[in-house]
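Working notes, structure below.
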Amino acid sequence: MMMHLRKMRSIRRCLKITTVIATVLILYIFSILGFIVREIETFESIYTELRSCFSLVNEVIAGRQSLDKLLPMMERFGYDPTRYLELLKAFEKSSIPREDVIVEIRNFANSLRKYELEKLRLHNVTVKSAYVFLIIGSIIILLLLAISTNRVKKYIVKILGKVKEISDNIYISTIPVGKPEFLEDFYVNQSIESINLVQSIYDAFKHAPINTSIEDFIFTVGPYLCSLFNSQRFSVALIDWETEQVIAEVAYISKPEVKPRLIAGFTEKLYETSLGEMIKSSQMTRIINNLSERYEKTRSLSTKLILDEGFRSNLTVVATINSRPFGFFFLSSERENNYTEQDAKLFSSILNILSYRLFYSLTIQRLLSHFGNSLVNLVEFKDNETGNHIKRVSLYAKLVAEELALHPKLIREIYEFSPLHDIGKVGIPDSILLKPGKLDPEEWEIMKTHVEKGVRIIEEFQQNARNIMEPKSLETMKNIIADHHEHWDGRGYPKGKKGEEISIEGRIVALADVFDALTTKRPYKEAIPFDEAVKIIQEESGSHFDPHVVEAFVKRIRDVKNIYEALKD
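This is the structure in structure tokens:
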């Protein structure tokens with residue numbers, strides 16, 4: 001157990017190190033790029049002054065400006081004006097011809113050209129050196145990031161092996177139940193049946209596949225637990241200790257006709273709820289056998305939502321890892337007085353296995369979140385896109401996915417992975433990526449390669465993460481990047497896919513990305529008004545966009561407008 005605890009701590013330590021390394025990489029890249037930008041701005045300023053000076057020299061030589069206009073310029077660029085002043089005085093006394101003064105002006109112009117060439121040489125050396133430092137430093141930090149990520153993967157594999165070893169060693173042969181002849185036999189048989197039930201539960205879960213997402217976990221164990229405890233709803237809520245909030249995850253409901261009211265993402269302050277009281281008092285289980293009475297006393301919004309779904313009793317158990325609470329498990333029934341203290345003990349016993357499985361799923365999700373956020377931050381620093389652009393696209397895409405009633409796991413993945421849609425832009429030259437005007441045809445072809453570059457980045461990650469992340473999740477990530485520039489009618493790029501050939505996640509992110517681009521100001525264009533942008537999206541239904549995706553988008557237009565207003569640049 002101590003070894004297991006140390007490994008858990010090592011995982012948390014490695015995750016923190018990974019986050020620090022990723023942050024250092026981003027800050028390092030940002031500082032070098034900032035230095036390069038300042039160097040370019042400085043050189044452009046000097047170059048502009050030199051052009052102005054050359055223009056003035058030409059004006060003076062042509063006689064359109066007075067000869068003394070050059071004196072400030074000579075002082076500005078370090079040219080000794082003594083000889084020029086002597087010639088000016090002599091010319092004013094008509095003792096020398098104007099051509100003698102012009103000769104000195106040409107000497108000054110030659111000096112300016114040498115100054116310009118030297119500044120250009122120093123500028124090129126400085127910028128090249130900065131790029132070399134950027135590349136070498138990035139490679140070193142990325143290697144450290146890869147090493148840290150690999151260590152996390154190794155620790156997870158070791159923990160899984162240990163959990164399986166412990167689980168495989170927990171075995172009690174099923175005890176036969178005899179026919180009761182006396183009252184004492186009846187009670188003995190009850191105890192034996194209870195033992196056999198616990199063993200059957202261990203057998204059911206110890207060989208079940210370990211899930212890498214919380215949705216898979218809930219939909220895998222939910223049907224079994226609901227059947228075992230005569231329940232119709234199984235759900236999980238997680239504790240965010242930084243904000244002291246409790247956050248609802250997706251729920252398994254055995255009856256398809258019941259529409260969830262307490263949905264994933266519902267949040268309450270932990271210590272403003274009865275769940276917080278459970279944590280404070282170290283109460284591990286709780287039975288509420290009449291939710292209606294409970295609501296009359298507490299007026300709890302979460303209780304009201306459960307009642308609206310048609311449930312009347314509830315069993316809650318605290319989820320812990322190494323004795324530290326990290327969430328809650330809930331069972332709910334349509335019947336009042338459905339749960340007993342024996343149910344609470346049995347449910348708590350089952351969670352000795354389930355808590356570790358849930359914690360593993362969360363660890364994988366958080367690792368992916370750290371990875372994704374690091375890549376997104378890198379794109380933000382390199383591109384003109386803002387953090388709000390990425391947030392808006394993610395939220396728009398999530399709304400559409402919810403309206404289309406996609407699987408909860410796919411909805412979460414679309415929300416979490418959509419910020420990566422333009423990750424390939426890290427491989428596009430700055431001269432094209434940051435160009436303030438319209439790209440020419442050759443530049444546009446280069447810009448379009450960001451899709452293939454992004455796919456290659458994810459495929460490389462896919463090779464390294466295949467043992468700890470489900471192939472379907474990796475495929476969703478790749479589809480978003482590969483398909484978000486494809487068109488419903490086949491006129492998109494890079495593959496020219498058409499209709500259903502395009503993944504649903506790609507179709508959704510395509511609309512979200514275009515809508516945000518329309519409504520956002522850029523250096524080369526003004527923002528289009530919200531209503532006009534919606535009209536453009538509707539006009540492109542069936543050509544650029546999937547008609548079903550457009551329909552879902554329009555149905556949630558009020559929520560879209562709220563996001564647009566809240567996160568406007």
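Take 1 as the starting number for the sequence shown in UniProt numbering and just add one per residue.
Glycine included, each C-beta is placed from N, C-alpha and C at the ideal position.
Does the distance from the CB of TYR115 to the CB of PHE77 come in under 8 angstroms?
Going by C-beta atoms, TYR115 is nearer than 8 angstroms to PHE77.
Give the DSSP-derived three-state secondary structure of ALA512 in the structure shown.
In the structure shown, ALA512 sits in a helix (DSSP, three-state: H, G or I).
Please work out which residues of its chain come closer than 6 angstroms, Cβ to Cβ, to ARG38, disregarding the five sequence neighbours upstream and downstream, and give them in chain order.
Excluding the 5 residues flanking it on each side, ARG38 has no same chain C-beta neighbour closer than 6 angstroms.
Rank ARG261, ARG412, SER227 and GLU459 by C-alpha distance to the C-alpha of SER333 and give the top, closest one.
Among ARG261, ARG412, SER227 and GLU459, the Cα nearest to that of SER333 belongs to SER227.
Cut-off 6 angstroms between Cβ atoms - residues of its own chain near PHE219, not counting five sequence neighbours on either side:
Cβ within range, chain order: TYR252.
Report buried or exposed for LEU183, applying the criterion of at least 16 other Cβ atoms within 10 angstroms of its Cβ.
Here LEU183 scores only 45 on pLDDT, less than 50, and its place in the model is too uncertain to base an answer on.
N- and C-terminal bounds of the beta strand (DSSP E) containing THR316
Note, THR316: beta strand (DSSP E), 313-321.
Pull up the CB-CB distance for PHE329 and LEU351, whole angstroms please, since I reckon it's below 8 angstroms.
With a beta-carbon spacing of about 6 angstroms, PHE329 and LEU351 fall inside the 8 angstroms limit used to define contacts.
Of the listed residues ILE17, LEU433 and GLU49, nearest to ILE147 (C-alpha basis):
The shortest CA-to-CA distance from ILE147 to any of ILE17, LEU433 and GLU49 is the one to ILE17.
How should PRO547 be labelled, buried or exposed, when 16 other C-beta atoms within 10 angstroms of its C-beta is the threshold for buried?
By the neighbour-count criterion, in which a residue is buried when 16 or more other Cβ atoms sit within 10 angstroms of its Cβ, PRO547 is exposed.
What three-state label does DSSP hand ASP216 in the structure shown?
Here ASP216 sits in helix by DSSP.
Taking just the CA atoms, how far does THR476 sit from GLY492?
Distance between the alpha carbons of GLY492 and THR476: 19 angstroms.
Kindly identify the DSSP beta-bridge partner or partners of LYS269.
Beta-bridge pairing links LYS269 to GLN245.
Could you check if GLU532 is buried or exposed, using at least 16 other CB atoms within 10 Å of its CB as the buried criterion?
Burial call: exposed.
Coil, strand or helix - LEU143 by DSSP
Residue state, collapsed to three classes: helix.
Which same chain residues, not among the five before or five after TYR295, have their C-beta less than 8 angstroms away from its C-beta?
Cβ-Cβ distances below 8 angstroms link TYR295 to THR303, LYS304 and LEU307 in the same chain, with the five nearest sequence neighbours on each side left out; the list follows chain order.
Taking DSSP as the reference, what is the three-state secondary structure of ASP240?
The answer is strand: DSSP assigns ASP240 an E or B state.
Suppose you measure from the CA of GLY310 to the CA of SER361; what does that come to, to the nearest Å?
C-alpha separation (whole angstroms): 29 angstroms.
Would you call the CB atoms of LYS498 and GLY490 closer than 8 angstroms?
The Cβ atoms of LYS498 and GLY490 lie closer than 8 angstroms to each other.
Classify HIS421: buried if its beta carbon has 16 or more other beta carbons within 10 angstroms, exposed otherwise.
With 16 or more Cβ atoms within 10 Å of its Cβ, HIS421 is classed as buried.
Looking only at its own chain, which residues have a Cβ that is under 7 angstroms from the Cβ of ARG286, when we skip the five neighbours before and after it?
Excluding positions up to five away in sequence, the list reads MET278 and THR316.
Does the pairing of the segment 415-435 with the segment 535-549 give three or more beta-carbon distances under 8 angstroms?
Contact fails: fewer than three Cβ-Cβ distances are below 8 angstroms.
Whole angstroms is fine: what's the gap from ILE263's alpha carbon to PRO436's?
So the two alpha carbons sit approximately 43 angstroms from each other.
In three-state terms, what does DSSP make of ALA566?
Residue state, collapsed to three classes: helix.
From the DSSP output, read off the bridge partner residues of LEU331.
LEU331 is bridged to PHE234 and LEU315.
Helix, strand or coil for ARG556 per DSSP?
Residue state, collapsed to three classes: coil.
If contact is defined by three or more beta carbon pairs under 8 angstroms, each pair taking one atom from either stretch, is the segment 546-563 in contact with the segment 437-445?
Remark: fewer than three beta-carbon pairs, one from each stretch, lie closer than 8 angstroms, so the segment 437-445 and the segment 546-563 are not flagged as touching.
Can you tell me which of the three DSSP states SER431 falls into?
The DSSP-derived three-state label of SER431 is helix.
In this structure, does DSSP put TYR252 in helix, strand or coil?
In the three-state reduction of the DSSP assignment, TYR252 falls in the strand class.
So what's ILE287 in DSSP terms, helix, strand or just coil?
DSSP places ILE287 in strand when its eight states are reduced to three.
Should SER473 and GLU413 be called a contact, given that it needs their Cβ atoms to be closer than 8 angstroms?
In this structure, GLU413 lies closer than 8 angstroms to SER473 by Cβ.
For the alpha helix (DSSP H) that GLU442 lies in, which residues bound it at each end?
Bounds of the alpha helix (DSSP H) holding GLU442 are 441-448.
How about GLN245 and LEU275: are their beta carbons less than 8 angstroms apart?
Not in contact: GLN245 and LEU275 (Cβ atoms no closer than 8 angstroms).
Nearest-angstrom Cβ-Cβ length linking ILE458 and LYS478, presumed shorter than 8 angstroms
Rounded to whole angstroms, the Cβ separation of ILE458 and LYS478 is 5 angstroms, and the two are in contact under 8 angstroms.
In chain order, what residues of the same chain have a beta carbon less than 6 angstroms from the beta carbon of MET73, not counting five sequence neighbours either side?
Listed in chain order, the non-local C-beta contacts of MET73 below 6 angstroms within the same chain comprise CYS53, local neighbours out to five positions each way being set aside.
Excluding five sequence neighbours on each side, which residues of the same chain lie with their C-beta closer than 7 angstroms to the C-beta of LYS391?
So the list reads LEU567, once near-sequence residues are dropped.
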